[in-house]
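Worksheet: one structure, shown below.
Numbering (UniProt numbering), first residue to last: 1 to 122.
Written out as structure tokens, the structure reads:
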């Protein structure tokens, strides 16, 4: 339990950027006139749990926490503890069972980059 709390504290200090996650853009729904009908501004960020979840053997190494108290989100790195992934799958309203992923969308802003960052902030 202490390791999970340490990992969560480190993750909260980690800055998420748009190049660390696959982002899909599509047309937003709702009012907005011509802008909504023409531009793909809705951003959907997907976290594929199968590709990012560590095995039990990796859990005790260093909890995925770098020396600067942040989580290493390098491409190809399995940084998500198995227990956290299980909690996301069981309790997150953003969990998509068919793809075993967490999918978060944003269409709050009028531009795609702003919506991508907003989805990461969520």
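Beta carbons are placed, not taken as given, at the ideal position from N, Cα and C, and that holds for glycine.
Distance from the CA of residue 26 to the CA of residue 111, rounded to the nearest whole angstrom, comes to 11 Å. Taking the Cβ atoms as the reference, residue 117 lies roughly 7 Å from residue 18, within the contact range of under 8 Å. Contact between residue 81 and residue 5 fails: their C-beta atoms lie close to 11 Å from each other, not under 8 Å. For residue 42, the uninterrupted beta strand (DSSP E) run begins and ends at 42-48, by DSSP. The shortest C-alpha to C-alpha distance from residue 109 to any of 40, 96, 9 is the one to 40. Between residue 54 and residue 78, the gap from beta carbon to beta carbon is short of 9 Å. Nearest C-alpha to residue 88 among 42, 52, 13, 44: 52. In the structure shown, residue 14 adopts coil according to DSSP, grouped into three states. Comparing C-alpha distances from residue 20 to each of 13, 83, 76 shows the shortest one belongs to 76. Annotated three-state conformation of residue 98 is helix, per DSSP.
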